[in-house]
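Report on the following structure.
Number of protein chains: 2
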Amino acid sequence: MPPNESLHLSVDCALFGYDDQGLKVLLINQKEDTYTHESGQPMSQLPGDLILIEEGLHEAAERVLFELTQVKGVYLKQFHAYGDPNRVKDHKDRAWLRSVRTMPDQRVVTVGYLGLVSLHDYNPQPASFAGGVSWVDINEVGPLAFDHNSILNGAIEALQNQLESHHISFELLPKKFTLSQLQALYETVLHKKFDKRNFRKNVKKMSHVVPLDEKQQGVMHKPAQLFSFNPDQIENE
Amino acid sequence: MPPNESLHLSVDCALFGYDDQGLKVLLINQKEDTYTHESGQPMSQLPGDLILIEEGLHEAAERVLFELTQVKGVYLKQFHAYGDPNRVKDHKDRAWLRSVRTMPDQRVVTVGYLGLVSLHDYNPQPASFAGGVSWVDINEVGPLAFDHNSILNGAIEALQNQLESHHISFELLPKKFTLSQLQALYETVLHKKFDKRNFRKNVKKMSHVVPLDEKQQGVMHKPAQLFSFNPDQIENE
DNA sequence: GTGGCATAGTGTCAAAAGTACAATAAAGCC
DNA sequence: GGCTTTATTGTACTTTTGACACTATGCCAC
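First to last, the protein sequences are chains H and D. Using my numbering, read the first sequence as starting at -4 and increasing by one per residue. Using my numbering, read the second sequence as starting at -4 and increasing by one per residue.
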């Protein structure tokens, strides 16, 4: 009667990091010699883990990220569940699964979480992570383990959809930022150019973006005014 | 090492039906005498079931709905996964779980699916369903089992968000419909009034809403022109 | 067959939002 | 002081949105 007595559930996190060099995603490289592409390059994957029996989904995603980055309090949001019965049955993934799981043949359903961090203020260096973890530019992600390319694409789509509607851009920027930085973020994430004057006109209508009495320092050009986000101010918008 | 050896996974479906009387959701009443509210009213819930071990999530949702309504091919879309470790631990739900599950104490994570059917053309009568199934107006849904009220709210929100962006209104209307019906649908789902002339102006810009050479019949007033959706036409919009 | 009833159908004007576009200002460097 | 680099600002035009009220057509009752 319990038809899925031995089904496993995991979370996979697409953690996006942003800085002036662009939008990146955190990937893990497996060190197993056997777990490589045909070229011999190590296989990368999104950080993820089976959830613990007493742990909520969101909690599980927080744990996975904390174990890798030692960072707490990052923005995290569920975006989709992936449950194809064959999603962990691909030949390329079998050897590695056998080496790390006690039940490598179990079906695994996974819930995808989207995470956001700024790489400006505090930079969670790959060096501080468990070995084999790195930030990879979103445009340079190769083939990943399992169905992680699909999951990543789902995450990117969710990020794009939410950027404008959910006031989450500040999760990717330093606490104090310039309007040019904000514009560059929008252009990077949405793959689209904005007119500078029109963009600034729109920002001035957002009451949660507040100008500071402070200017950029140490740049060899006219310093820009700094702004910050005031999350309390997100009302009538 | 398998930390969730005995975790269960289910799907729950919020199937919405629409007709001139409004937007309704399909609910199941349990017949167990012990599974009631304090008032003695039977407890209602969203249709759902544990997924089978070789079955995809979407497939599982289709199966659950087919078993209840005998209808295939309804629009179905995943919207959120619910994984609170205590979501099936509430006192009110225990007795019923013990009566239908071999492992009633197992944690159950569920994936919510949103379904849409038109109650105009073909009406899946509750009578044709397994006993105790009924359409309940969306504004008259009482307390449901487990966390099904949250799930239903999530489904309503997803429906509202997708109505405008995803061209799904035709899933809720008869194949041939009037513009007044379309407008009433929007007003019901979005809880918002629209101006008749402006609404029609906008519809005329949607190339996938095509006018037919046919008029309403059997009404005791000026018959309206009929329209239909052409899904192929969904391009540049 | 006329008058009443119910819903269908239609256009204009003003306000708001969006879009295209270029010159001046301020800081660091040499 | 002149050069380089990025910041900052406004205007004219177009498009979209929003408010608003009367005529048309079919059925029914009398």
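Heads up, the beta-carbon is just placed ideally off N, CA and C, and yes, glycines get one too. Here the structure is a predicted model, which means the values were calculated and not measured.
Residue i, buried or exposed, once every other Cβ within 10 Å from all chains shown has been counted against 16
i             : result
residue 42/H  : buried
residue 113/D : buried
residue 14/D  : buried
residue 205/D : exposed
residue 226/D : exposed
residue 88/H  : buried
residue 142/H : buried
residue 68/D  : exposed
residue 215/D : exposed
residue 137/D : exposed
residue 61/D  : exposed
residue 207/D : exposed
residue 64/H  : buried
residue 222/H : buried
residue 176/H : buried
residue 98/D  : exposed
residue 281/H : Not covered by the structure: residue 281/H. The range shown for chain H is -4 to 232.
residue 12/D  : buried
residue 102/H : buried
Where residue i meets chain D, residues with beta-carbon distance less than 9 Å
i            : result
residue 62/H : In chain order: nothing, as chain D lies at least about 14 Å away.
Nearest-angstrom Cβ-Cβ length linking residue i and residue j, presumed shorter than 8 Å
i             : j             : result
residue 55/H  : residue 6/H   : 5 Å
residue 151/H : residue 2/D   : 29 Å between Cβ atoms; not a contact.
residue 4/H   : residue 83/H  : So it is not a contact: roughly 12 Å between Cβ atoms.
residue 109/D : residue 9/D   : 6 Å
residue 18/D  : residue 70/D  : In fact, because the Cβ distance is near 14 Å, the residues do not count as touching under 8 Å.
residue 74/H  : residue 165/H : That pair is no contact at about 19 Å.
residue 22/H  : residue 40/H  : 7 Å
residue 174/D : residue 219/D : 7 Å
residue 50/H  : residue 80/D  : 7 Å
residue 106/D : residue 76/H  : 5 Å
residue 203/D : residue 162/D : 6 Å
Chain-ordered neighbours of residue i on chain D, where CB pairs are closer than 7 Å
i           : result
residue 4/H : -1, 2, 4, 104
C-beta neighbour in chain D for residue i, strict 7 Å
i            : result
residue 49/H : yes
residue 90/H : no
Residues bridged to residue i [DSSP beta-bridge criterion]
i             : result
residue 225/H : Its beta-bridge partners do not exist; DSSP assigns none.
residue 76/D  : 106/D
residue 141/H : Partner(s): none; residue 141/H has no beta bridge.
residue 95/H  : Looking at the DSSP assignment, residue 95/H forms no beta bridge with any residue, so it has no partner.
residue 178/D : DSSP lists no partner for residue 178/D.
residue 42/D  : Per DSSP, none; premise fails for residue 42/D.
residue 233/D : Residue 233/D lies beyond the residue range present for chain D, which begins at -4 and ends at 232; the question has no answer from this structure.
residue 3/H   : 103/H
residue 24/D  : 39/D
residue 172/D : 222/D
residue 210/D : 220/D
residue 18/H  : 13/H
residue 71/D  : 110/D
residue 131/D : 20/D
residue 204/D : 224/D
Under 8 Å from the C-beta of residue i: neighbouring residues of chain D
i            : result
residue 75/H : 73
Interface partners of residue i on chain H, CB under 7 Å
i            : result
residue 79/D : 51
Residue i Cβ short of 6 Å to the ligand ATP heavy atom set
i           : result
residue 3/H : Ligands displayed in this structure: none; no statement on the ligand ATP is therefore possible.
Neighbour flag for residue i against chain H, beta carbons, 7 Å
i           : result
residue 9/D : no
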